[in-house]
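Number of protein chains: 2
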Amino acid sequence: MANAIRFLAMDAVQKANSGHPGMPMGMADAVTVLFHRFLNIDPSRPDWPDRDRFVLSAGHGSMLLYAVHHLLGFADMPIEELQAFRQLGSRTAGHPEYGHALGIETTTGPLGQGISTAVGMALAEEMVAARFGRSLCDHYTYVVAGDGCLQEGISHEAIDLAGHLKLGKLIVLWDDNEISIDGATSLSTSMNQLERFRAAGWDAEAVDGHDCEAVAAAIAKARLSDMPSLIACRTRIGKGAATMEGSHKTHGAALGDKEIAATREKLGWHHPPFFVPGDIKSAWEGIAARGRAKRAEWEGRLAAASCREQYEQAITRSAGEDLAKALATFREEHQRKATKVATRQASQMVLEVINGATELTIGGSADLTGSNLTMTSQTQPIARGSFTGRYIHYGIREHGMAAAMNGLSLHGPFVPYGGTFLVFSDYARGALRLSALMQQRVIYVLTHDSIGLGEDGPTHQPVEHLAMLRATPNLNVFRPADIVETAECWEIALSDERTPSVLALSRQALPMLRTGSDSSNRSAKGAYVLRGADGRRDVTLIATGSEVEIAVAASNRLAEGGVHAAVVSMPCWEKFESQDEGYRRDTLGTAPRIAIEAAGRLGWDRWIGESGRFIGMSGFGASAPAGELYTHFGITAENVVSAALALIGSRPRGETHQQLEEA
Amino acid sequence: MANAIRFLAMDAVQKANSGHPGMPMGMADAVTVLFHRFLNIDPSRPDWPDRDRFVLSAGHGSMLLYAVHHLLGFADMPIEELQAFRQLGSRTAGHPEYGHALGIETTTGPLGQGISTAVGMALAEEMVAARFGRSLCDHYTYVVAGDGCLQEGISHEAIDLAGHLKLGKLIVLWDDNEISIDGATSLSTSMNQLERFRAAGWDAEAVDGHDCEAVAAAIAKARLSDMPSLIACRTRIGKGAATMEGSHKTHGAALGDKEIAATREKLGWHHPPFFVPGDIKSAWEGIAARGRAKRAEWEGRLAAASCREQYEQAITRSAGEDLAKALATFREEHQRKATKVATRQASQMVLEVINGATELTIGGSADLTGSNLTMTSQTQPIARGSFTGRYIHYGIREHGMAAAMNGLSLHGPFVPYGGTFLVFSDYARGALRLSALMQQRVIYVLTHDSIGLGEDGPTHQPVEHLAMLRATPNLNVFRPADIVETAECWEIALSDERTPSVLALSRQALPMLRTGSDSSNRSAKGAYVLRGADGRRDVTLIATGSEVEIAVAASNRLAEGGVHAAVVSMPCWEKFESQDEGYRRDTLGTAPRIAIEAAGRLGWDRWIGESGRFIGMSGFGASAPAGELYTHFGITAENVVSAALALIGSRPRGETHQQLEEA
């Protein structure tokens with residue numbers, strides 16, 4: 001059975017002349033044992049909620065996963081897909097891509113992500129079980145990780161969290177082949193991984209990864225442990241290859257026709273490429289049959305469960321109409337009261353409403369709860385052995401938090417949100433990108449979103465981060481200007497089921513700016529005219545977040561001088577880009593434009609045009625009280641007024657301008 | 001002596017009404033022992049190369065550092081600076097900023113960076129000693145780290161590398177106060193840090209951080225170890241505070257006048273704010289005197305050293321004229337030969353020249369040596385006990401690599417460069433930002449820079465990364481188009497001593513495109529007209545890197561149809577931005593513009609204007625051979641031709657256009 005994996009991997013990589021045969025060959029034995037003896041999945045219902053999760057953290061070994069899926073009989077993984085490995089339009093991408101083929105639990109390839117995402121999945125398993133009982137949720141999360149996964153820093157964050165929470169149903173098989181791309185792992189590491197994992201509260205033991213009984217015994221033992229488990233499978237990369245076994249040359253390139261032919265001879269595999277004998281295929285399909293039976297048993301338990309209705313409602317993951325109504329009421333109330341709060345505080349007030357209307361949201365923060373304001377009255381923290389809560393103290397681990405949120409979302413039915421400072425999205429980038437690539441509804445609450453955070457200084461003041469996030473495909477980047485927009489942006493973030501969102505929120509208090517009685521979600525269009533220029537428009541001021549207040553102040557001063565300035569609030573570029581051209585044109589107007597944002601210019605030229613002006617940051621920030629920084633960096637209503645007058649200077653206005661400039 | 005730190009920290013935070021008193025108070029005892037008994041620095045020569053390095057990894061405790069500098073008598077740290085803590089223009093920023101005040105060895109604040117940068121410093125110490133002997137280089141690197149530093153993933157990468165290389169002169173004092181911002185560390189971690197560090201090859205022991213003799217004994221022992229050492233200092237946050245000692249409320253806010261007054265009473269500190277009694281000040285200044293004497297001894301040894309000349313030449317860090325000449329010859333040769341290679345390969349060929357001309361460059365890769373092509377004939381790897389080499393196998397640790405490179409550069413005299421895939425700059429972001437903020441000449445060799453990497457698929461294909469890097473202040477982002485530009489960009493990167501650089505390099509081969517006999521470094525202007533439009537310009541095609549070839553092909557096809565297209569190669573936006581307006585205008589021209597780059601659009605509108613076109617990526621990539629991907633995503637000469645014709649369509653050209661469209 002294991003050799004079937006080996007030859008499918010060798011043949012597919014050879015045909016593509018691209019890919020990684022060494023890992024599938026090295027781990028074929030251990031993975032075969034795992035599937036044959038333990039793993040419960042049903043290829044005919046790959047989304048069965050109580051299936052075991054299998055995460056190939058060493059994603060470059062994707063052919064291992066595709067081979068197994070083919071052998072198990074996944075309907076979308078016929079041999080033709082393996083033959084089209086790494087080709088355009090195939091399901092068999094170079095690395096496993098979530099959504100490309102059934103049963104791929106998560107996208108892997110960037111090392112360390114799989115094991116860290118799996119922590120979120122194992123956590124979700126405990127949380128579902130705590131809510132609905134072990135009869136409806138009782139599965140394992142298995143991970144195959146390589147040396148790279150364990151060297152990457154994110155693995156430290158993940159294993160500490162998993163050990164701390166005692167996620168006993170998380171089992172990691174480490175492909176301990178002592179080889180990485182540059183050669184022997186001894187070139188760069190002397191880590192005693194077993195001791196390292198034990199220090200983090202894991203069970204850890206080493207076995208010969210080619211001794212099937214030893215692997216089976218280790219997995220059986222790990223399943224009984226109440227701690228997460230690491231099984232170091234001592235393997236040889238490219239195991240079975242005629243002459244190249246054990247060499248790093250098997251890692252990332254086709255073995256060549258000659259080596260493969262010799263390997264067929266050596267292993268007695270007298271079959272043409274891509275052919276698997278019937279008896280071996282049957283043995284693999286027996287695994288699928290066991291999974292099918294398990295699934296049927298589970299369905300029986302669900303049908304009989306008293307909580308069936310709640311369970312089914314939960315897994316649809318819909319917050320329902322209640323939330324929309326509650327948020328509409330919230331917005332009306334605060335518009336009426338003209339509530340002036342920091343948008344981070346507004347976010348907490350909105351979350352209080354959201355968390356009251358749905359039980360699916362799971363909050364958390366990377367040790368900045370009191371700053372991110374991500375906790376509400378409904379969110380009791382979880383802890384080891386106690387998983388009914390809805391709040392996760394992720395620790396000082398932004399990357400691990402983002403990956404765990406991906407896992408919570410992928411496992412379902414949860415909608416995770418987690419906080420840190422905007423500038424520390426840097427630390428979470430690797431996993432945040434995967435939220436976008438995998439189209440997961442993960443919400444990043446990123447507060448302290450500009451120099452407005454003040455005294456903490458340049459290391460803590462984001463300058464480039466809005467541009468970085470806006471550059472990322474399939475990511476909503478919201479920067480609301482007041483409490484009303486904050487509620488609107490949260491509503492959109494929750495309703496975009498296939499797009500992660502960032503909420504960039506201010507530390508400092510911001511006035512309620514939304515006037516007018518229109519109760520529609522105006523942020524949904526990404527940008528809108530917040531203050532019209534009565535009659536005519538001489539200039540358009542475009543701003544986001546905390547700088548909208550400055551734009552409004554400038555427009556008021558300009559109005560005193562007879563200059564008609566429209567103010568466009570632009571809480572979400574991505575939403576604005578998706579509007580029709582007419583709306584975009586009407587919103588931006590034909591008058592000269594000035595953008596104001598306490599961040600870098602990159603990207604703004606799209607909205608201001610060649611003759612426009614940008615008022616913002618041109619370098620790193622500084623350490624001082626926020627108000628002084630705005631003055632220091634020239635992000636002020638005065639400068640906006642001056643820029644506006646300079647821009648429209650070509651249209652003579654005489655006295656009026658002079659008066660303004662003297663004011 | 002320790003209480004002087006405590007009160008200066010309390011008073012400064014109180015005056016600023018902002019900052020973190022808890023950590024300076026908790027670690028005052030241990031840090032006082034460290035400075036009093038061990039640390040050799042000379043405030044009158046803060047850049048003395050053989051000084052001990054002190055890194056405050058827990059950068060939020062910046063007042064500890066400023067207080068110590070004041071007490072030691074640093075000329076730029078009078079009491080007025082402490083009184084201006086966190087105020088605009090002061091040297092006492094919220095977090096220690098390299099370059100803001102003398103003796104700040106590195107910028108800290110983003111957690112985990114200090115300890116990881118210190119690994120690079122300790123490594124540099126070994127490398128200098130290996131080159132010039134222990135009589136000229138024999139110092140320690142001391143780090144004060146907090147719980148956050150040890151929880152962040154980067155710390156895992158750093159301690160594994162340090163343990164592997166046996167950096168025995170690296171000594172970390174961990175402020176083990178069991179408190180983080182959200183409350184007790186037991187909310188989020190159960191890590192046995194001592195066992196964790198031992199697993200990584202460190203000595204580790206715990207002491208009472210308020211028992212001065214115990215701390216001194218532990219440091220003395222650590223200095224004798226041939227392994228790096230962790231000393232867990234069990235402390236109470238806010239130690240000494242009248243009622244708040246041990247509370248997380250002392251972490252990030254002023255204690256209040258009442259608490260401070262009560263603390264003065266409790267500790268018998270009967271002095272006004274910001275006052276330090278003469279005897280205590282004298283005791284601190286004694287430390288400085290010891291350092292001064294040590295420095296004088298060292299200068300004596302240097303004066304007598306046979307390698308004095310080489311040493312002094314090295315620390316000026318100048319590659320000299322030889323390199324410029326060698327690179328000019330290189331460029332001429334390959335222009336003549338029209339060498340067609342991938343720019344990653346061109347980079348390796350250039351590095352062969354550079355590494356031959358200077359011994360200061362230190363290469364490395366995050367386990368992608370054969371892909372990044374960062375090794376040359378001169379770069380033998382270093383290993384534990386053997387530090388004469390010039391190449392570092394950083395392991396699968398992009399973040400740790402970037403931080404270590406910062407440390408190598410800060411320590412001097414080295415110019416580090418390190419490789420990974422462009423997409424995995426994500427993992428290194430936290431430290432890369434500090435390269436820029438600290439103005440360090442660190443060079444990132446980021447290969448596989450687009451969908452051109454082919455089959456590895458979306459997880460490995462950068463789309464947003466060029467924009468992200470371009471958004472970062474003080475960072476050169478180079479994307480050379482051929483071997484000539486690659487040599488030019490390397491030359492600029494080496495000569496920009498206060499700016500880190502990224503070289504975004506292709507996996508795939510690219511033709512030599514530079515024509516003409518001008519031997520000047522044309523990339524130095526950031527963008528230039530590579531192909532003029534004879535006589536008139538109908539359209540300007542702007543491209544970078546691998547897409548310049550496409551622009552040239554399109555211009556040739558357009559020329560066949562009588563359309564005069566200029567091609568602008570734009571290897572570095574930052575350099576182009578810094579040219580005068582006239583040069584920029586002449587280069588971009590007044591004809592309609594089309595930008596071609598196999599990446600996202602963000603930022604390009606600045607160069608193409610409102611009526612311009614962008615041909616590139618609008619979402620994530622796909623897994624397929626590179627050529628097919630370019631066709632699939634429409635990044636082709638054909639599409640450029642069509643776009644050009646559409647753009648200039650308003651100027652009728654009759655048959656010519658029609659012929660082109662039919663072609």
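Chains B and U, in that order, give the protein sequences. Numbering of the first sequence is given in this note's numbering, commencing with residue 1 and proceeding in unit increments. Numbering of the second sequence is given in this note's numbering, commencing with residue 1 and proceeding in unit increments. By construction, the Cβ of each residue, glycine as well, lies at the ideal position given by its N, Cα and C atoms.
Near B/A663, what residues of its chain come up, given a Cβ to Cβ distance below 6 Å and the 5 sequence neighbours on each side ignored?
-> Here B/A663 scores only 44 on pLDDT, less than 50, and its place in the model should not be relied on; the value that follows carries that caveat. So the list is empty, once near-sequence residues are dropped.
Using a Cβ-Cβ cut-off of 8 Å, state whether B/H448 counts as contacting chain U.
-> With 8 Å as the cut-off, B/H448 does not count as an interface residue toward chain U.
Along chain B, in chain order, which residues have C-beta atoms closer than 9 Å to that of U/F424?
-> Around U/F424, the beta-carbon contacts reaching into chain B at under 9 Å are P110, L111 and G430.
Reference U/S519; option with closest CA among U/F330, U/E97, U/D257 and U/G59 = For the residues U/F330, U/E97, U/D257 and U/G59, the minimum Cα distance to U/S519 belongs to U/F330.
Continuous beta strand (DSSP E) stretch holding B/G419: start and end = Per DSSP, B/G419 is one residue of the beta strand (DSSP E) stretching across V415 to F421.
Through-space distance from B/S377 to B/N192, alpha-carbon basis | Looking at the two C-alpha atoms, the distance is approximately 43 Å.
What do you reckon, are the CB atoms on B/A598 and B/M617 nearer than 8 Å?
-> Against a cut-off of 8 Å, the Cβ pair of B/M617 and B/A598 comes out as a contact.
Comparing the C-beta of B/Y140 with each C-beta of chain U, is any distance below 8 Å?
-> Judged by the 8 Å Cβ criterion, B/Y140 is not in contact with chain U.
Chain-order list of residues whose beta-carbon lies under 8 Å from that of U/Y583 (same chain, five-residue window excluded) | Result list for U/Y583: K525, in chain order.
Inter-residue CB distance, B/Q461 and B/G621 (contact presumed, cutoff 8 Å) | Contact between B/Q461 and B/G621 holds, since their C-beta atoms are separated by about 3 Å, short of 8 Å.
B/C489, DSSP secondary structure in three states = Three-state result, B/C489: helix.
Consult DSSP for U/Q658 and reduce its assignment to one of helix, strand or coil.
-> Residue confidence is low: U/Q658 scores 49 on pLDDT, short of 50, so the model does not pin down where it sits. No coordinate-derived value is stated.
Report the three-state DSSP secondary structure of U/D518 (helix, strand or coil).
-> Residue state, collapsed to three classes: coil.
Within chain B, partners of U/D147 - CB distance below 8 Å = In chain order: I396.
Can you pull the chain U residues whose beta carbon is under 7 Å from the beta carbon of B/A622, in chain order?
-> Close partners of B/A622 in chain U (Cβ separation under 7 Å): L88.
Roughly how many whole angstroms lie between the Cα atoms of B/A101 and B/M438?
-> Our two residues, B/A101 and B/M438, have alpha carbons roughly 12 Å apart in a direct line.
In whole angstroms, what is the alpha-carbon distance linking U/E80 and U/M244?
-> Their backbone Cα atoms lie some 27 Å apart in a straight line.
Per DSSP, the bridge partner or partners of B/E309 | As far as DSSP is concerned, B/E309 takes part in no beta bridge.
How would you write the range of the alpha helix (DSSP H) that U/S116 sits in, first residue to last?
-> Membership of U/S116 in the alpha helix (DSSP H) is indicated by the continuous run Q113 to F132.
Beta-carbon spacing of B/N406, B/A428 below 8 Å = The answer is no: Cβ separation not under 8 Å.
Taking DSSP as the reference, what is the three-state secondary structure of U/G19?
-> Looking at U/G19 - three-state DSSP - the assignment turns out to be coil, as it is neither helix nor strand.
Alpha carbon of U/L327 to alpha carbon of U/D211, nearest angstrom = Rounded to the nearest angstrom, the gap between the Cα atoms of U/L327 and U/D211 is 58 Å.
Use the C-beta contact count for B/R344: other C-beta atoms within 10 angstroms, 16 or more gives buried, fewer gives exposed.
-> Burial check for B/R344: the Cβ neighbour count within 10 Å reaches 16 or more, so the residue is buried.
Would you say B/Y98 reaches chain U, if we count a Cβ-Cβ gap shorter than 8 Å as a contact?
-> No, its Cβ sits nowhere closer than 8 Å to a Cβ of chain U.
Answer with buried or exposed for B/G654, where buried requires no fewer than 16 other C-beta atoms within 10 angstroms of its C-beta.
-> Note that B/G654 scores 42 on pLDDT, short of 50, meaning its location in the model is unreliable; the coordinates nonetheless yield the value given after this. Exposed.
Thinking C-beta only, is B/Y391 closer than 8 Å to B/G363?
-> Their beta carbons are under 8 Å apart, which means B/G363 touches B/Y391 by this criterion.
CA nearest to the CA of B/I159, picked from B/S116, B/C137, B/G26 and B/H139 = Nearest of B/S116, B/C137, B/G26 and B/H139 to B/I159, Cα basis: B/S116.
DSSP three-state assignment for B/I171, whether helix, strand or coil = In this structure, B/I171 counts as strand in the three-state DSSP scheme.
Segments of 4+ residues assigned as alpha helix (DSSP H) that fall wholly inside the segment 235-279 of chain B = With a minimum length of 4 residues, the continuous alpha helix (DSSP H) runs that stay inside the segment 235-279 of chain B are 257-267.
Just checking my contact of U/G112 with U/C149 at CB under 8 Å: how many whole Å lie between their CB atoms?
-> The C-beta distance from U/G112 to U/C149 rounds to 5 Å, short enough to meet the 8 Å contact threshold.
For U/D11, does the count of other Cβ atoms within 10 angstroms reach 16, so buried, or fall short, so exposed?
-> When all chains shown are included, U/D11 counts as buried.
Taking only runs that begin and end inside the segment 531-590 of chain B, name each unbroken beta strand (DSSP E) of 3 or more residues, in chain order.
-> Taking 3 residues as the shortest admissible run, the segment 531-590 of chain B contains the following complete beta strand (DSSP E) segments, listed from N- to C-terminal end: 539-543 and 565-569.
Mind listing the chain U neighbours of B/D182? Cutoff is C-beta to C-beta under 8 Å, in chain order.
-> Within 8 Å of the CB of B/D182, the CB atoms of chain U belong to S365, D367, L368, T369, G370 and H393, in sequence order along the chain.
With a Cβ-Cβ cutoff of 8 Å, do U/G61 and U/P24 count as a contact?
-> Contact: yes.
List the whole-angstrom C-beta distance separating U/L56 from U/V119, where the pair is believed to meet the contact cut-off of C-beta under 8 Å.
-> Their Cβ separation, rounded to whole angstroms, is 15 Å, which puts U/L56 and U/V119 out of contact at 8 Å.
Examine the ligand COA and report whether any of its heavy atoms sits within less than 7 Å of the Cβ of B/R292.
-> This structure lacks the ligand COA; in fact it carries no ligand of any kind.
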